Amino acid sequence: MSRVVHWLLHRERLLFYAVNRKIKHSALDRLFSVITHAGGAAFTISASLLLAILGSGMWRIAGLECMIALALSHVPVAIVKRKYPRARPYLVLPDTNICKNPLTDHSFPSGHSTAVFSIAVPLVCAAPVLGYALLPLAGLVSLSRIYLGLHYPSDCAAGIAIGTCTGLGTVAIFA
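Take a look at the structure:
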């Protein structure tokens with residue numbers, strides 16, 4: 038590999054360890070163990086469905102946009118995970134702090150980051166003031182994936198990009 042790639046991988050490991058080990062605290066353990074589920078399938082699918090079914094007017098449309106963006110966003114995630122398998126950090130890097138029952142599938146890109154951003158973006162587009170709460174929450178979900186030893190920073194960055202693009206694309210189609 039080139040020197041640039043080695044340099045990037047080294048920097049990513051340093052950033053991973055900074056989040057995963059250096060800021061370790063029992064309060065963060067509890068916070069991130071809970072907040073990470075906001076990017077999981079159960080929460081993102083349920084939230085989107087409830088909004089689409091129970092919402093009215095712009096909220097029903099936003100719920101439909103969330104459902105479509107969520108479904109579409111996981112097509113590239115599934116393809117990339119299969120085509121570019123990357124072992125999770127806790128399986129590769131020594132002294133990684135890990136959560137209970139860690140996932141064992143491939144880590145790139147982060148499905149949780151993808152999911153949470155794919156539903157946050159349509160909601161923020163529907164009501165921009167929600168961005169003050171939803172975007173930091175989505176960012177914390179992504180950060181939790183690194184803190185819990187499940188993803189590298191680039192996994193989360195890729196997930197954020199995929200989720201944001203599918204969210205924006207879906208909103209553009211509905212506009």
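Quick note, the sequence shown lines up with residues 38 to 212 if you use the working numbering. All residues carry an ideal CB built from backbone N, CA and C; glycine is no exception. Remember, predicted model here, so these are calculated numbers, not experimental data.
A straight-line Cα-Cα distance of about 37 Å links threonine 141 and proline 165. Within the region 121-164, the complete alpha helix (DSSP H) segments of 4 residues or longer fall at 126-129, 148-163, listed in chain order. A distance below 7 Å separates the beta carbons of arginine 125 and leucine 187. Under the three-state reduction of DSSP output, alanine 55 falls in the helix class. At a Cβ-Cβ threshold of 7 Å, leucine 109 and glycine 100 do not count as neighbours. Measuring C-alpha to C-alpha distances from glycine 206 to each of Ala194, Pro159, His143 identifies Pro159 as the nearest.
CA-CA distance, serine 150 to isoleucine 199, rounds to 9 Å.
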